[in-house]
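Protein chains in written order, with the UniProt record's numbering: chain V, 1 to 321; chain E, 1 to 386.
What follows is a set of notes on a single structure, which appears directly below.
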Amino acid sequence: MQATIVQAVNEALHGAMERDDRVVVFGEDVAESGGVFRATDELLEEFGSDRVVDTPLSEIAIVGGATGMAMYGYRPVVEIQFSGFLPPAFDQLVTNTSRIRWRTRGELTAPMVVRMPYGAGVRALEHHSESLEGAYAHIPGLKVAVPSTPADTKGLLTAAIRDPDPVLFMEPKRIYRSIREELPEGDHEVPLGEAAVRREGDAVTVVAWGAMMPPTLEAVDDSGIDAEVIDLRTISPMDTETVVESVKKTGRCVVVHEGPRTLGVGSELIARINDEALMYLEAPIERVTGFDTQVPLLSMEDFYLPHPPRILDGIERALTA
Amino acid sequence: MSDRESDRRVPSAVGDGGVGLLTQADLSVPTHQIVDPDGSYDPEAVPDLSAEELCDLYRWMVTDRVFSRRMVNIQRRGELGTFGSTRGQEASIIGSAFTLEPQDWLYVGRAWTPMFMRGASMTDMIHFWRGIETAQQSFAKQNSQIAISIGSHIPLVAGLAWGMQLDDADAVATAYIGDGATSTGAAHEGINLAGALSLPALFFCQNNQYAISLNVEEQTGAKTLAQKALAYGIDAIRVDGQDVLAVYDAVQTARERVKDGNPVFVESVTYRLDAHTTSDDPTRYRDEEEVQEWEAKDPIERYRSFLQSEGLWSRIDHDSIVDDIETEFDEALATADELEERRVRELFAHVYDELPSELSRQLEAFEALLEERPEMDDYIEQRPKG
Ligand SMILES: Cc1ncc(C[n+]2csc(CCOP(=O)(O)OP(=O)(O)O)c2C)c(N)n1
Ligand SMILES: [Mg+2]
Numbered sequence: 001m002q003a004t005i006v007q008a009v010n011e012a013l014h015g016a017m018e019r020d021d022r023v024v025v026f027g028e029d030v031a032e033s034g035g036v037f038r039a040t041d042e043l044l045e046e047f048g049s050d051r052v053v054d055t056p057l058s059e060i061a062i063v064g065g066a067t068g069m070a071m072y073g074y075r076p077v078v079e080i081q082f083s084g085f086l087p088p089a090f091d092q093l094v095t096n097t098s099r100i101r102w103r104t105r106g107e108l109t110a111p112m113v114v115r116m117p118y119g120a121g122v123r124a125l126e127h128h129s130e131s132l133e134g135a136y137a138h139i140p141g142l143k144v145a146v147p148s149t150p151a152d153t154k155g156l157l158t159a160a161i162r163d164p165d166p167v168l169f170m171e172p173k174r175i176y177r178s179i180r181e182e183l184p185e186g187d188h189e190v191p192l193g194e195a196a197v198r199r200e201g202d203a204v205t206v207v208a209w210g211a212m213m214p215p216t217l218e219a220v221d222d223s224g225i226d227a228e229v230i231d232l233r234t235i236s237p238m239d240t241e242t243v244v245e246s247v248k249k250t251g252r253c254v255v256v257h258e259g260p261r262t263l264g265v266g267s268e269l270i271a272r273i274n275d276e277a278l279m280y281l282e283a284p285i286e287r288v289t290g291f292d293t294q295v296p297l298l299s300m301e302d303f304y305l306p307h308p309p310r311i312l313d314g315i316e317r318a319l320t321a
Numbered sequence: 001m002s003d004r005e006s007d008r009r010v011p012s013a014v015g016d017g018g019v020g021l022l023t024q025a026d027l028s029v030p031t032h033q034i035v036d037p038d039g040s041y042d043p044e045a046v047p048d049l050s051a052e053e054l055c056d057l058y059r060w061m062v063t064d065r066v067f068s069r070r071m072v073n074i075q076r077r078g079e080l081g082t083f084g085s086t087r088g089q090e091a092s093i094i095g096s097a098f099t100l101e102p103q104d105w106l107y108v109g110r111a112w113t114p115m116f117m118r119g120a121s122m123t124d125m126i127h128f129w130r131g132i133e134t135a136q137q138s139f140a141k142q143n144s145q146i147a148i149s150i151g152s153h154i155p156l157v158a159g160l161a162w163g164m165q166l167d168d169a170d171a172v173a174t175a176y177i178g179d180g181a182t183s184t185g186a187a188h189e190g191i192n193l194a195g196a197l198s199l200p201a202l203f204f205c206q207n208n209q210y211a212i213s214l215n216v217e218e219q220t221g222a223k224t225l226a227q228k229a230l231a232y233g234i235d236a237i238r239v240d241g242q243d244v245l246a247v248y249d250a251v252q253t254a255r256e257r258v259k260d261g262n263p264v265f266v267e268s269v270t271y272r273l274d275a276h277t278t279s280d281d282p283t284r285y286r287d288e289e290e291v292q293e294w295e296a297k298d299p300i301e302r303y304r305s306f307l308q309s310e311g312l313w314s315r316i317d318h319d320s321i322v323d324d325i326e327t328e329f330d331e332a333l334a335t336a337d338e339l340e341e342r343r344v345r346e347l348f349a350h351v352y353d354e355l356p357s358e359l360s361r362q363l364e365a366f367e368a369l370l371e372e373r374p375e376m377d378d379y380i381e382q383r384p385k386g
């Protein structure tokens, strides 16, 4: 079946609900209207109103409620309509969701998934554009995954729903419908915590994820540079090994991310490379990132995003330094 | 200590030993109405407004309707990012905003014309929906803001009111919220704060029956939204939101009380006739029949029949009002379309009072890159039309 990323989300949800009747889906506008992006389309019709529920407009109740339900033994997969509306529920993530296992020494756990579209570039209003994976990955006990292809979306979401720990699943909404590919049939899982090498090369390692993958691959493909491109896929836990092995081979590295530069995921990646491969580096590691500003409103949001020429500029700097 | 009436109420007497459940059924919440849907009304109940003011109410309601229609149209032509129409809610929006004074603060959800009533231009509002940062700057000059994160403004309004209280200001802070917003944690905490500190805060809730696809009956187990206020120790009024005089009367009464440190929550029962925004398809969650029922309760029609009964209709030239608004919109759109090319520096302005050195460095590097790599233009577009 050919599918887009948003269809892959839908397919993974259908599959998970079919296989495990403890999986329940809730959030704002997810049931009757099938989600504002149609990610939960037809779930209500197929699985009924006990398992697919439109909640009140209450992010705290969605995330906190999911946490309690998970402690009780269900597998909630909840939707936050846009990642810009997760902050009210940040309290629950920090105070409860991420700490249940730790607090009870494993007696209780919170296996649940919070799905949310993130990122700029869809011409929406304020709070519909941020990429704060760095902030969320800073919470111990919470996993953070960001797919960039339809097949990975299906595989990672399937794995996230099965995962014994809570997972924040950030969906790159700018490319929700722009990539279409064949989806692996049936019960397809992509393990959390494993990066994917999208393109092999010897000259430089370029690490990106989510909505930054297409412009990164475009920059590399158009330039003819022999770059190795890694899709990190999971921000936390981070696959240090794949990145470090690649950097040991190429000696140069560029990290591309949409979120703000300072204390972004790139900072951590660079620290880990420094820890494990400093002596292999032939040049300082470059970062191509969002600015340390609010994401501009829609008329200027293009300026904020790392586009291929900016990414290429970073790669060339890493190559010439 | 406040001298609020509710603070002086004594707890009810101890019962007879049996377990007494206090339920919603113990509460009756009347809905204030002045003009009946059939057009009849008690002349005694009509608020004390001059003929000119009564005509102004009509003109503003029509402004609201025309503005929504034009905005939806230009969005369809690709000249706006998105837009949330207010059609059906004109009485609710105008009747309430008509009571506000310039020194009051207004923090809205779905209500755009109140900004015009306070002096902002249609150009500002077009800019807002085109994602141009100067819009909220203009609104701020009128003590007004629009909140996008639902409910997030409710504690802010409590805080604004707190400042007014400390200043002994002759003003109120007003939060316009939707039915959906009443379910947020921010609403709970913000309204409670107003009640606890007796703040001059006015909460105007437009219960338009839906939060995107969710009907208000699924939004809460509460029979009315107005009753929620009582739990915070503040007073409530429930009003027919299709009756502009009733809304005016309710909010005017509320404002008077609020000014004296008695926060009030007004639930205005209305209906969103159009889609949630231009990207929403309401046929997925509501029947045409229901929409038709509310079309029949058109607030502008009802008010027109009142003006006719009062002999004021002859003072109103409806077509020329519409023509004037259309012209104002055309001019506003032309001005908005003339937006000057913006500078990249603007993206870095106003993040802090002073640009930190790391941000200056990011800006300089970006400006240099734009010079060095003209191919950036293939990816970066200023979208003055959103
Ligand atoms: C905190 C938050 N969650 C979700 C959204 C997405 N959203 C935008 S409007 C809306 C419904 C709002 O309903 P209501 O408060 O009744 O206002 P209305 O749109 O009906 O005027 C939702 C869920 C948001 N803007 N903010
Ligand atoms: Mg509503």
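Ideal Cβ positions, reconstructed from N, Cα and C, are used throughout, including at glycine.
In whole angstroms, give me the CA-to-CA distance for Ser6(E) and Gly233(E).
Locating residue 6(E) in the second sequence gives position 6, counting from the first residue. Locating residue 233(E) in the second sequence gives position 233, counting from the first residue. With a pLDDT of 48 at Ser6(E), under the threshold of 50, the predicted position of this residue should be treated as unreliable, though the coordinate-derived value follows. Distance between the alpha carbons of Ser6(E) and Gly233(E): 7 Å.
Query raised in the report: When a residue counts only if its C-beta is closer than 7 Å to some heavy atom of ligand 1, which residues count, in chain order?
Result: Glu28(V), Asp29(V), Leu57(V), Glu59(V), Gln81(V), Phe82(V), Phe85(V), Pro88(V), His127(V), Gly84(E), Gly109(E), Arg110(E), Ile148(E), Ser149(E), Ile150(E), Gly151(E), Ser152(E), Ile177(E), Gly178(E), Asp179(E), Gly180(E), Ala181(E), Thr184(E), Gln206(E), Asn208(E), Tyr210(E), Ala211(E), Ile212(E), Arg272(E) and His276(E)
What is the DSSP secondary structure of Phe82(V), reduced to helix, strand or coil?
As a position in the first sequence, residue 82(V) is number 82, starting the count at 1. Phe82(V) falls in the coil class under three-state DSSP.
Using a Cβ-Cβ cut-off of 6 Å (strictly less than) and excluding sequence neighbours within five positions of Met1(E), which residues of its own chain qualify?
-> The residue labelled residue 1(E) in the question sits at position 1 within the second sequence. Confidence at Met1(E) is low in this model, with a pLDDT of 38, below 50, so the placement of that residue is unreliable and no value is reported for it.
**Request:** Work out the CA separation of Phe306(E) and Glu326(E) for me, nearest whole Å.
**Result:** The residue labelled residue 326(E) in the question sits at position 326 within the second sequence. The residue labelled residue 306(E) in the question sits at position 306 within the second sequence. Answer to the nearest angstrom: the Cα atoms are 25 Å apart.
At least three beta-carbon pairs within less than 8 Å, the segment 49 to 60 of chain E to the segment 75 to 88 of chain E: no
Contact test: Val266(E) Cβ vs ligand 2 heavy atom, cutoff 8 Å: Taking the first residue of the second sequence as 1, we reach residue 266(E) at position 266. Val266(E) Cβ: outside cutoff for every heavy atom of ligand 2.
Next on the checklist: Looking at the secondary structure, which residues open and close the alpha helix (DSSP H) in which Arg22(V) lies?
Outcome noted: What you label residue 22(V) is simply residue 22 of the first sequence in a count that begins at 1. Arg22(V) -> no alpha helix (DSSP H), and no H or E assigned at all.
### Query
What are the complete alpha helix (DSSP H) segments, minimum 4 residues, inside the segment 43 to 86 of chain E?
51 to 76
task = Assign Met1(V) to one of three DSSP states: helix, strand, or coil.
result = For the purposes of this step, residue 1(V) is taken as residue 1 along the first sequence, with counting starting at 1. Coil, per DSSP.
- On the three-state DSSP scale, how would you describe Lys173(V)? Position 173 of the first sequence, counted from the start, is the residue given in the question as residue 173(V). The answer is helix: DSSP assigns Lys173(V) an H, G or I state.
State the Cα-Cα distance for the pair Gln7(V) and Ser96(E), rounded to the nearest angstrom.
-> If you number the first sequence from 1, residue 7(V) lands on position 7. If you number the second sequence from 1, residue 96(E) lands on position 96. In a straight line, the C-alpha of Gln7(V) is about 44 Å away from that of Ser96(E).
| message | So if DSSP puts Pro260(V) in a beta bridge, which residue, or which two residues, is it bridged to? | response | Counting from 1 along the first sequence, the entry for residue 260(V) is found at position 260. BP columns for Pro260(V) point to Gly290(V).
* Asked: For a contact meaning CB atoms closer than 8 Å, what does Thr127(V) contact in chain E?
  -> For the purposes of this step, residue 127(V) is identified with residue 127 of the first sequence, where counting begins at 1. A quick correction: the sequence has His, not Thr, at residue 127(V). By Cβ distance, chain E contributes Ile148 and Ser149.
| Cβ pair count under 8 Å reaching 3, the segment 311 to 320 of chain V against the segment 197 to 205 of chain V | yes
Q.
Just to confirm the assignment, what range does the alpha helix (DSSP H) spanning Ser58(V) have?
A. Against the first sequence, residue 58(V) aligns to sequence position 58. That residue, Ser58(V), is in no alpha helix (DSSP H); it is neither H nor E in DSSP.
* From the beta carbon of Thr123(E), is the nearest beta carbon of chain V less than 9 Å away? -> As a working mapping, residue 123(E) is identified with position 123 in the second sequence. Chain V, which has no Cβ nearer than 9 Å to the Cβ of Thr123(E), makes this no.
Quick one: does the C-beta of Val243(V) sit closer than 8 Å to a heavy atom of ligand 2?
Start at 1 with the first residue of the first sequence, and residue 243(V) comes out as number 243. Not under cutoff, so the answer is no.
(request) Name the two residues that bound the continuous beta strand (DSSP E) containing Tyr107(E). (result) Taking the second sequence and counting its residues from 1, the one referred to as residue 107(E) is at position 107. Run containing Tyr107(E): Trp105 to Val108, per the beta strand (DSSP E) assignment.
- [ ] For the segment 82 to 139 of chain V, list the beta strand (DSSP E) runs that are entirely contained and at least 3 residues long, ordered along the chain.
- [x] 113 to 118
Practice prompt. Can you have a look at Glu79(V) and say buried or exposed, based on whether 16 or more other CB atoms are within 10 angstroms of its CB?
Written response: Position 79 of the first sequence holds residue 79(V). Buried, since its Cβ has 16 or more Cβ neighbours within 10 Å.
Mind the definition here: the segment 260 to 267 of chain V touches the segment 212 to 221 of chain V only if three or more C-beta pairs lie below 8 Å; say whether that holds. no
What does DSSP give as the partner residue(s) for Pro76(V) in the beta ladder?
Here residue 76(V) refers to the residue found at position 76 of the first sequence. For Pro76(V), which the question treats as bridged, DSSP gives the partners Val24(V).
Do we get a CB-CB distance below 9 Å when we pair Thr278(E) with the residues of chain V?
-> Locating residue 278(E) in the second sequence gives position 278, where the first residue counts as 1. Taking Cβ atoms only, chain V never reaches closer than 9 Å to Thr278(E), which makes this a no.
For this session: Please go through the same chain and pick out, in chain order, the residues whose beta-carbon is closer than 6 Å to the beta-carbon of Gly314(V), but skip the five residues on each side of it.
Result: Mapped onto the first sequence, residue 314(V) falls at position 314. Here the set comprises Val254, Glu286 and Val288.
Can you give the Cα-Cα distance for Ser198(E) and Asp275(V), rounded to whole angstroms?
On the second sequence, residue 198(E) is found 198 positions in, with the first residue counted as 1. On the first sequence, residue 275(V) is found 275 positions in, with the first residue counted as 1. Their Cα atoms are separated by approximately 57 Å.
If you follow the beta strand (DSSP E) that Lys143(V) is part of, which residue opens it and which one closes it? What you label residue 143(V) is simply residue 143 of the first sequence in a count that begins at 1. First-last of the beta strand (DSSP E) with Lys143(V): Lys143 to Ala145.
request  = Kindly list, in the order they appear in chain V, the residues whose Cβ is closer than 9 Å to that of Pro384(E).
outcome  = Your numbering for residue 384(E) matches position 384 in the second sequence. Near Pro384(E) (Cβ distances below 9 Å), the residues of chain V are Ser299.
Starting from the beta carbon of Phe303(V), find every residue of chain E whose beta carbon is closer than 7 Å, and list them in chain order.
Taking the first residue of the first sequence as position 1, residue 303(V) is located at position 303. Val344, Leu347 and Ile380, listed in chain order.
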